[in-house]
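For the sequence shown, my numbering gives the first residue as 315, with consecutive numbering after it. Glycine included, C-beta positions come from ideal geometry on N, C-alpha and C. I have placed the structure first, in the form of structure tokens, so that the comments after it can refer back to it.
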Amino acid sequence: ILVHADLLPGIEAGLPEGVAVFVVPTPPEVQSAYGIDPAACTVPPGRTDWNTWIDGNDPLPPSDVAAPGSMIYTSGTTGRPKGVRRAAATPEQLAARLDTIGLAMGVGPGDNPRTVVTGPMYHSAPNAYGWLALQFGGTVYLQPRFDPEELLALIEQHKISHLHMVPTMFVRLLKLPEEVKNKYDLTSLRFVVHAAAPCPPDIKRRMIEWWGPVINEYYGSTEVGPVTFCSSVQWLGHPGTVGQRVPNVDLRILDENGNDVPQGQPGEIFCINTGFGEFTYHKDDQKRRDSELDGLISVGDIGYLTDDGFLFLCDRKNDMVISGGVNIYPAEIEAALHNMPGVHDCAVFGIPDEEYGERLCAVIEPEAGANLGADDVRAFAREHLAGYMVPKVVEFQTGLPREDSGKIFKRKLRDPYWAEAGRQI
């Protein structure tokens, strides 16, 4: 830690054991401007004077090999986490990257954000968000484990202005009793952004009604960064959208043959953000090349574009269920089941079926004390969905497996069925 001498007493008691501390004599102009006692502006006995240490040590020799820009791992939603090793960026790419991230995450010069980081800092989005807030002089509080009421208390206590969240957190917040939701002052919130997974439209609408038009959304990935952005106003005009493309992004929706699909028709999303530059998957460059088409990258998402450029997500390509030749997107079913009384959370996926190839299975995490049966779930689904979207199999589980980001680890629920059948799909 490098610190001015007059600031050392304020942090000394909280320094962890083993931390190297270098002290800089407080500059005379700072001492004079703030009326600091001259005795407090010198390096105290027993501490290392930074200037003396610098003078007594040779600088490190320059490296012969340029270091890559970064490497951070994906969350592993569709398989093992992949190390995204990014090439060193040019100054122009860095500027474009900062503009794009700042737009998507709502942090820029003069914002002075006060935020609670609710996700793990080793994941790409919380990591980028936390560092961005610090770069612009913000204050960052870390919530080691997400707790909905604790978050509300932190917002009130620290006058939090910015948040980065995932839809599961919205679901848990909305499950709080009304007296708890109304207990805290949330008027300091200015910009709340969510990403990482599709947000059920009813959940998002209720959050906007509660917190106001401060709810924003972006779609992107570790590989290509932010791709689209959507404000509350835009979303209310286009319910379910993840927004329009941000600057520096090229985006196309392609069919299985690599052809552009008509507007409004689902296809695989291919995109690139020029501000993020070239990358490879660490130790698996072939996988990186397999994900590319005409210079654009796919991370396996299915979606469609409207004629005014709004992107709508259908589901992950790997999560799509093909039953009797019909494409079924589980995210739509999950969005409906989230509105069922007594359902805390849910996951829907395909399992083997001899006749239809796949059939739908729903795993329900009930709320505490809820008395739900499989027939209740199917009856609710029939009221709100087409018949072919009603799960044939319904199971209940007290705690769904989750990634550290909060997303449901659907693969852990689905894989045992396919392993038993002796096939993958």
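- In the DSSP annotation of this structure, PHE694 is not part of any beta strand (DSSP E); the continuous alpha helix (DSSP H) holding it starts and ends at 688–698.
- Across the structure, ASP351 and THR340 are spaced so that their CA atoms are roughly 10 Å apart.
- For LEU408, the enclosing alpha helix (DSSP H) starts and ends at 405–419.
- The three-state secondary structure of ARG459, taken from DSSP, is coil.
- Under the Cβ criterion (8 Å, minimum of three pairs), the stretch 543–563 counts as touching the stretch 517–535.
- Nearest to SER637 by C-alpha distance, out of VAL560, PRO705, HIS437, is PRO705.
- Below 8 Å, too few C-beta pairs join the stretch 349–367 and the stretch 571–579 to call them touching: fewer than three.
- Residue pairing of VAL454 in beta bridges, as defined by DSSP: THR429.
- Under the DSSP assignment, GLU672 falls in the beta strand (DSSP E) whose first and last residues are 671–680.
- DSSP places VAL485 in the uninterrupted alpha helix (DSSP H) bounded by 481–488.
- The DSSP assignment places complete alpha helix (DSSP H) segments of no fewer than 4 residues inside the stretch 520–573 at 546–551, in order along the chain.
- The way I'd put it, the stretch 429–438 doesn't touch the stretch 401–410; fewer than three beta-carbon pairs between them come closer than 8 Å.
- Annotation: ALA442 to HIS478 spans about 10 Å, alpha carbon to alpha carbon.
- For the pair ALA695 and VAL677, the CB atoms are not nearer than the 8 Å cut-off.
- Per DSSP, LEU714 lies in no beta strand (DSSP E) and is assigned neither H nor E.
- Here the stretch 577–593 does not lie against the stretch 647–657, with fewer than 3 beta-carbon pairs under 8 Å apart.
- For TYR618, the enclosing beta strand (DSSP E) begins and ends at 615–619.
- Pairing VAL541 with VAL560 gives a Cβ-Cβ distance under 8 Å.
- The residue among ASN653, ALA327, ASP320 with its C-alpha nearest the C-alpha of GLN345 is ASP320.
- The criterion of a C-beta distance shorter than 8 Å is satisfied by PRO427 and SER475.
- Measuring C-alpha to C-alpha distances from PRO515 to each of PRO553, HIS318, GLU681 identifies PRO553 as the nearest.
- Taking C-beta separations shorter than 7 Å and ignoring five residues to either side along the sequence, the partners of ALA510 in its chain run ALA439, VAL480, SER719, LYS721, following chain order.
- Ranking PHE590, PRO462, ILE665 by CA distance to the CA of VAL708 puts ILE665 first.
- Sixteen is the threshold: since fewer than 16 other Cβ atoms of the shown chains lie within 10 Å of the Cβ of GLU492, the residue is exposed.
- PRO715 and ARG725 have their alpha carbons spaced roughly 9 Å apart.
- In this structure the stretch 673–687 does not lie against the stretch 620–631, because fewer than three pairs of beta carbons, one per stretch, are closer than 8 Å.
- Take the alpha-carbon of ASN371 and the one of ILE567: they are about 56 Å apart.
- Rounded to the nearest whole angstrom, the CA to CA distance from LEU500 to ILE517 is 18 Å.
- Setting aside the 5 residues that flank it on each side, PRO423 is surrounded in the same chain by PHE450, each with a C-beta closer than 7 Å to its C-beta; the list follows chain order.
- When the alpha-carbon of ALA418 is set against those of ARG486, VAL657, GLN558, the nearest one is in GLN558.
- Between the alpha carbons of VAL485 and HIS472 lies a distance of about 23 Å.
- A Cβ-Cβ distance of about 5 Å is found for the pair VAL338 and HIS318, placing them in contact under the 8 Å criterion.
- Contact between ALA401 and PHE593 holds, since their C-beta atoms are separated by about 7 Å, short of 8 Å.
- Relative to VAL556, the option among PRO580, PRO512, GLU734 whose CA is nearest is PRO512.
- With 16 or more neighbouring CB atoms inside 10 Å of its own CB, TYR643 falls in the buried class.
- TYR702 is the residue among GLY526, TYR702, GLU343 whose C-alpha sits nearest the C-alpha of GLY639.
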